[in-house]
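> The following block contains the structure, expressed as structure tokens.
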Amino acid sequence: MSEKKVTFTERIKSQFSTKSLVLIPIAVGINLIGGTLCSALKLPLFLDMIGTVVVACLSGVWVAALCGLLTNVFLAMAANPVYLPYSIVSIMCAVVTGCMVKAGFFKKVWGAVLTWLACTFVNTVSASVITIFVYGGSAGVTGTSVLTATLIAATKNIAASVLSTSMIENLIDKGITFLIAFVIIQKIPKRFLSQYAADTDDEEDGD
Amino acid sequence: MATISNTFIPKNTVIERLNPMTKIFAIFSLGLGTLISPGPRLGLAVIAGLFGAAWLAGILKDFAKIMFGFGIPVTAMLLFIQGCYHPGNVTFIADLGFAKVGLEGVRYALKIISTLLVFLGTFYIMNKTTYPGKLVAALTESGMPPKAGYLVLASLNVVPQMQRRMSVIREAQEARGVETGGGITARIKAYIPLLGPVIMSSLTDAQERGMTLETRGFGIAGVKPTAYVEVCKTRTDRAVNIFLTAFFIAVVSAAVLTKLDFI
Amino acid sequence: MGRIILEVKDFSFKYRQTKQKALKNISFQVEEGNFFCVIGANGSGKSTLCSALAGLIPHYFTGKMSGRVIVDGISAGESTIAELSQKIGFVFQNPFNQLSYTAGTVAEELAYGLGNRGVSRRMMMEKVEFVSKLMRIDHILDKNPLELSGGQVQRVAFGSAFIMEPEILVLDECTTQLDPAGSEEIFDIVKELNKKGVTVIMADHDMERVARCADKILVLEKGRAAALDEPKKIFGDPEIMQHGVGIPDYVEITRALKEKQYTDRDIEIAEGPAIEMVREVLDRCKLN
């Protein structure tokens, strides 16, 4: 292959090939199936990120982020618009997971554990922030004093939730999510997986 | 298993016939207008208007369910938090014993709630009265990338299909005598294996679907895609747009004037 | 001899991370207006070959490729799939994956490809009407494509390929969802289009159909071209069974009759004449 300097935008563009694009709605579906399954089984879990994690492994950070965003857009359109602001949570989780997968964390057990913990943390914090800023507190429009007060309230809330059951629940939830995603990635046929590997001629023939 | 799907039911109402872009403009004009206006009064008036629009669109019952389902708990929570602990509280209107309720906080809470409800309500009405294909066609015409349009529509179509596939497998599983009840571990054991086949088959399907799109000319360079769904602008659209623009300008100027008065 | 519309020159392809080449040194030419069939056992490379013709190899599937595919003067490797889609229509095995998943109605589904080409709405409506009548799906134009039966979806899939008015139609085992009657109906349409000058390239397991329709047959075995000839030659060759290809029973019967010298006619590869031949032989036996 000719050596080309690949710019940032080109790299993002190459992630959004048709191959990756068609994966996104399916990943959104996987996310939601996890959720409906949990509610059908009356499990106190969400499992609404399995698809995002799988896509992060197959197609990269930005596709995963888009997948997170679309999951919430879908929920907003199909179920309740209240889900829309939480798309930021989905996007942030996807970006964190995607970056760590890209850095190779998902190949080793300790790396997967680290990804799991990081994702849980980001999820808990960002979800609390959205809840407080959009739905629970002032949006900081009226001045700095209010903003400070809200921030204190926010951090208090986060600290509380970190120690509370919600964090533990989240931890279990993401743990199972990553476990399922991990198993799925292992089970996907190699020939299929290879189509999503970076489009470089890294392997040479051996027949 | 409950399936989540976008349930657009054609009712051929005035609201439904509006151009989707007009409805999107309404979300921003009404929502931002409420946000800018100083007190909660305008927001409450807009909400009353939205109930009227929902009635016109024939979705009053569902609309009320969403608005009250979200509005009541949030109102209770915000009134409590902001009413008692808003930093700007000076005029106290009640004493709960452990805290005093301030008028400023109550006003502030009401304003946030009304803004949220206006955004929620307009989005809900837009969504429920617009055929998704028409929405995406209108957005694409206004410059949204066709790939984004594909993603929205495909998600709306793929998800219910996957859910159906899931429930088919589930029913088969139940017919074979797999326990639905039992302890949590038993239920997980029974259902997590269901995920596998659905996910796997969907992923392998994705590859063929991508091929299909490509062979049907998806993303031909230099062509502006057209849609089969007709999107037109009527006289009503023009009238509504003028009204919405006027509303927004009026609110902004009113807000500026009140600000100037304080100086 | 007609104009060469499709040419495959010494084409080989290996998917990433598979050890074996999926196709090895395939070469053939297809004349305009021909009905060209590709047969072979499962895994012999039929689908891979079809993908290569539509430009999906090398643009969609990455791997190691050599040789060339030239479609109507354009090298598939050097143009885009979208560009090739103006010339080639493709119908896959699974019709459910042939849907765009963007359409709420069958009419929108049919028009999807036209939309990608930027065709005006009025033109779309005309073509949708024409094709839906041709495929006998005009009564379900307002239905959701995802709620149709397999056979109906198959018709929609065919319709969405026809509506693009391709010069070449590539059919990759495309009638799996149809009952025998329905699939015959579709093939009547395909044959009609073929008569009107559309070149058809079909990979199929149904040997009776292949025997009936094909002008020329390519037999693939483990990625290699095992034979390339006219149907009579292919089915007349007793060795063909070794390539994992089944021969229609009636062809076998006529060959047996010929070998045992019950008749001096050549083997028959169409059902009607074959039955005629058997009758003839039986009549003669009676007389004797």
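Protein chains in written order, with full-length UniProt numbering: chain D, 1 to 207; chain X, 1 to 263; chain G, 1 to 288.
Ideal placement from N, C-alpha and C gives every residue a C-beta, glycine not left out.
#1: Take the Cβ of G:Cys50 as the centre, count every other Cβ of all protein chains shown within 10 Å, and call the residue buried at 16 or more, exposed below.
#2: Establish whether the CB of D:Pro25 and some CB of chain X are separated by less than 7 Å.
#3: Report yes or no: do the region 53-68 of chain G and the region 139-151 of chain G share at least 3 C-beta pairs separated by less than 8 Å?
#4: When DSSP labels each residue in this structure, what does D:Ser138 get in the three-state scheme?
#5: In angstroms with no decimal places, state the Cα-to-Cα distance between X:Ser202 and G:Cys174.
#6: What does X:Val158 touch in chain G if you count any residue whose Cβ is under 8 Å from its own?
#7: Determine, for D:Ser59, whether the minimum Cβ-Cβ distance to residues of chain G falls below 7 Å.
#8: What residues from chain G crowd round D:Lys19, counting only those whose CB sits closer than 7 Å?
#9: For G:Glu129, tell me which candidate among G:Ala111, G:Glu276, G:Phe36 and G:Asp283 has the shortest Cα-Cα distance.
#10: What are the complete beta strand (DSSP E) segments, minimum 3 residues, inside the region 183-266 of chain G?
#11: I'd like the list of long-range same chain contacts for D:Thr144, defined as Cβ closer than 6 Å, with 5 residues on each side in sequence excluded.
#12: Where do the N-terminal and C-terminal ends of the alpha helix (DSSP H) with D:Asn72 fall, by residue?
#13: Does chain D have any CB closer than 7 Å to the CB of X:Tyr124?
#14: Taking CB distances under 7 Å as the criterion, tell me whether X:Ala255 reaches chain G.
#15: Could you pull the start and end residues of the beta strand (DSSP E) that residue 377 of chain G belongs to?
#16: DSSP state of D:Ser145, grouped into three classes?
#17: Give the single residue among G:Leu178, G:Gly197, G:Leu99 and G:Pro273 whose Cα lies nearest to the Cα of G:Leu169.
#18: Chain G partners of D:Lys190, CB-CB under 7 Å?
#19: Taking DSSP as the reference, what is the three-state secondary structure of G:Leu6?
#20: Checking 7 Å against the spacing of the C-beta atoms, do D:Lys190 and G:Gln261 come in under that value?
#21: For X:Gly102, count neighbouring C-beta atoms within 10 Å of its own C-beta (all shown protein chains included) and say buried if the count is 16 or more, exposed if not.
#22: Please tell me whether G:Val91 and G:Ala41 are closer than 7 Å, where the distance is taken between their beta carbons.
#23: Beta carbon of X:Gln82, beta carbon of X:Tyr108: below 7 Å?
#24: Specify whether the region 117-126 of chain G and the region 196-211 of chain G touch according to this definition: at least 3 beta carbon pairs, one from each stretch, less than 8 Å apart.
#25: Kindly indicate which three-state DSSP category X:Gly88 falls into: helix, strand or coil?
#26: Mind checking whether G:Ile234 and G:Ala227 have CB atoms under 7 Å apart?
#27: Using Cβ-Cβ distances below 8 Å, what residues of the region 199-216 of chain X are close to chain D?
#28: Who does G:Ser66 pair with in a DSSP beta bridge?
#29: Cα separation between X:Lys233 and X:Ile242?
#30: Compare the beta carbon distance of G:Phe13 and G:Leu23 with 7 Å and say whether it is the shorter of the two.
#31: Tell me, please, which residues DSSP counts as bridged to G:Leu169.
#32: Can you find a CB in chain D that lies within less than 7 Å of the CB of residue 278 of chain X?
#33: With 7 Å as the threshold, decide whether the Cβ of D:Thr88 is near any Cβ in chain X.
#34: Nearest to X:Met144 by alpha carbon, out of X:Thr226, X:Ala239, X:Lys61 and X:Asp95?
#35: Assuming G:Ile269 contacts G:Lys232 (C-beta within less than 8 Å), just tell me the rounded distance between them.
#36: Could you check which residue in G:Lys9, G:Gly33 and G:Val153 has the C-alpha nearest to that of G:Arg3?
The structure says:
#1: buried
#2: yes
#3: no
#4: Unreliable positioning characterises D:Ser138 in this predicted model, as indicated by a pLDDT of 39, which lies under 50. The coordinate reading is nonetheless provided below. In this structure, D:Ser138 counts as coil in the three-state DSSP scheme.
#5: 20 Å
#6: Tyr101
#7: no
#8: Tyr60
#9: G:Ala111
#10: 199-203, 216-221 and 224-229
#11: Legend: pLDDT at D:Thr144 = 37, less than 50; position of this residue unreliable, value from coordinates given subsequently. Once the five neighbours on either side are set aside, D:Thr144 has no close Cβ partner at all.
#12: Val61 to Ala78
#13: yes
#14: no
#15: For chain G, the structure presents residues 1 to 288; residue 377 of chain G sits outside this window and is missing.
#16: Reliability of the predicted coordinates at D:Ser145 is poor, the pLDDT of 39 falling under 50, and the value obtained from them is presented with this limitation in mind. It is helical.
#17: G:Gly197
#18: Gln17
#19: strand
#20: no
#21: buried
#22: no
#23: yes
#24: no
#25: coil
#26: yes
#27: Ile199, Met200, Ser202, Leu203, Thr204, Asp205, Ala206, Gln207, Arg209, Gly210, Leu213 and Glu214
#28: G:Ser12
#29: 13 Å
#30: yes
#31: G:Gly89 and G:Val200
#32: No answer is possible for residue 278 of chain X: it lies beyond the span of chain X, which begins at 1 and ends at 263.
#33: Checking the sequence shown, residue 88 of chain D turns out to be Ile, not Thr. For D:Ile88, the answer is no, since every Cβ of chain X falls outside 7 Å of its Cβ.
#34: X:Thr226
#35: 6 Å
#36: G:Gly33
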